[in-house]
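Please read the structure below before turning to the comments.
Residue numbers (the working numbering): 28 to 343.
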């Protein structure tokens, strides 16, 4: 059967026609995030029809639509309670999209949950029944799969792993609270840590590279690879911060695999290998329990589409 997977972002929305875990055709379009919800959903519906037309697929061939949306989403009702980047407040997204497209079955979940489901079913976690996805980007997103199903908590308000506290009264998080994992493990945090290291060590290779090339999520990895001691120290601290959160998730859920996504995951083995070592050395009962694999996400931008479509399968 064919399904539609829709991945809503702050700047664009992607739509794909999916059959048996394969994207047959996909298309993206800009989103107008500050417009009224009715306008935004109308634009999404237009993208649906454009995607179907380009794919040569009739609407009646589509068994359901799955939508991944940022923010606080009630999976059971398809309501988006709140989204900070898109103007959805108590928006009945599933109902509105069903009405506009004529496709009755519409499921909605948080975008990180959809990415976790996609990676677990079809990507880096394929074959696992229990997994945790951590996306290291502007913030830290998490998605948790337990026994093959998403774990989302009461009214789907859970699985916000970026906001566990790892340092009491610590760094200010984007949410306004202090000491949250996101404030230490996100790409934004890594750039802040890199900038602080450059200011503290202005004569280092890291500082000189940053002055010439600017600072992004790759800067410290490039300089560490070149042997700069300040970069190596900064990167090691960052890996400890990320690892601290991973061990917390591992101790609670003990998944077969922890999947690292987001822009920072593009560093590959320079990030993944030490993270797996950190988890192995620090998780409770590691000497008696199966080893937890730490891997980089593989589906990239397709994870959200595939995971969203998978929401329509067996009530996931």
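No residue lacks a Cβ here, since even glycine has one placed at the ideal position from N, Cα and C.
Item, Value
"Assuming residue 34 is part of the beta strand (DSSP E), what are its boundary residues?", "29-35"
"Can you have a look at residue 311 and say buried or exposed, based on whether 16 or more other CB atoms are within 10 angstroms of its CB?", "exposed"
"Looking at the structure shown, is residue 191 part of a helix, part of a strand, or coil, going by DSSP?", "coil"
"Taking a contact to mean a Cβ-Cβ separation below 7 Å, would you say residue 169 touches residue 142 in this structure?", "no"
"Taking residue 39 as the reference, which of 332, 127, 182 and 55 has the closest Cα?", "55"
"Using a threshold of 7 Å, state whether the C-beta atoms of residue 102 and residue 179 are closer than that.", "yes"
"Are residue 150 and residue 332 close, meaning C-beta to C-beta below 7 Å?", "no"
"Among 188, 125 and 78, which has the Cα closest to the Cα of residue 208?", "188"
"Suppose the cutoff is 7 Å on Cβ atoms and the five residues either side in sequence are ignored; what does the same chain contact list for residue 162 look like?", "139, 142, 168, 288 and 289"
"Helix, strand or coil: which one does DSSP assign to residue 310?", "coil"
"Closer than 8 Å is the cut-off here; do at least three beta carbon pairs connect the region 219-228 with the region 240-259?", "yes"
"Assign residue 141 to one of three DSSP states: helix, strand, or coil.", "helix"
"Starting from the C-beta of residue 278, find all residues in its chain whose C-beta is less than 7 Å away, skip the five residues before and the five after it, and write them out in chain order.", "310 and 311"
"Can you give me the C-alpha to C-alpha distance between residue 86 and residue 181, rounded to a whole angstrom?", "34 Å"
"How far does the alpha helix (DSSP H) with residue 67 in it extend, from its first residue to its last?", "64-82"
"Work out the CA separation of residue 285 and residue 307 for me, nearest whole Å.", "12 Å"
"Is it right to say residue 93 is buried, meaning 16 or more other beta carbons lie within 10 angstroms of its own, or is it exposed?", "buried"
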